[in-house]
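Numbering (UniProt numbering), first residue to last: 1 to 154.
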């Protein structure tokens, strides 16, 4: 059984150095983009990859809501840049993680609990299963396959 996680943002775990390095800004063409931005007066969107080291719903929610190393929160990137900040190769990976975040938010609305409580519950339900398996269970539940509700994870 996992030890309880911190529940307040100031007590939230900070990403490890490896996790910080994982979501390195895409540097290719950066100088050209900057020159183009100056010439046209338009800012270019940042480009971040989601860290592959995120392996719990709690960490995923932390990434979505708060800065992760040098990466701003996914919520702020989405608000400020829409989809333009995401590399095209990230489309499927982002979509699977967003499905999990949406399920957390759905349960928050349904049960009236805090996000960190729901994330901890989902991690408990998930056990040792991967986030990918959790995503597939949520998707199955939404499609109504086998009469499963989205609440039944694995």
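Glycine included, each C-beta is placed from N, C-alpha and C at the ideal position.
Rounded straight-line distance, which links the Cα of residue j to that of residue i
i: residue 101; j: residue 60; result: 8 Å
i: residue 138; j: residue 98; result: 11 Å
i: residue 4; j: residue 68; result: A caution first: residue 4 carries a pLDDT of 44, below 50, which makes its placement in the model unreliable, though a value can still be read off. Going from the Cα of residue 4 to the Cα of residue 68 covers about 20 Å.
i: residue 114; j: residue 42; result: 39 Å
i: residue 118; j: residue 77; result: 23 Å
i: residue 57; j: residue 64; result: 10 Å
i: residue 125; j: residue 111; result: 16 Å
i: residue 127; j: residue 79; result: 32 Å
i: residue 144; j: residue 105; result: 19 Å
Proximal residues to residue i (C-beta, below 8 Å), its chain only, five neighbours per side dropped
i: residue 55; result: 130 and 131
i: residue 96; result: 131, 132 and 135
i: residue 75; result: 64 and 65
Residue environment, residue i, which counts as buried when at least 16 other CB atoms sit within 10 Å
i: residue 109; result: exposed
i: residue 123; result: buried
i: residue 107; result: buried
i: residue 165; result: It is not possible to answer for residue 165, since the shown part of the chain is limited to 1 through 154.
CB-CB length for residue i against residue j, believed under 8 Å
i: residue 93; j: residue 134; result: Not confirmed; about 14 Å, so no contact.
i: residue 47; j: residue 88; result: At roughly 10 Å, the Cβ-Cβ gap does not stay under 8 Å, so residue 47 and residue 88 are not in contact.
Cutoff 6 Å; reference residue i; Cβ partners in own chain excluding five residues on either side
i: residue 103; result: 138
i: residue 81; result: 45
Those residues which DSSP pairs with residue i across a bridge
i: residue 68; result: 71
Residue i beta carbon near the ligand ZN (any heavy atom closer than 7 Å)
i: residue 113; result: Judged by which ligands are present, the structure shown has none, so any question about the ligand ZN falls away.
Cut-off 7 Å between Cβ atoms - residues of its own chain near residue i, not counting five sequence neighbours on either side
i: residue 90; result: 49 and 50
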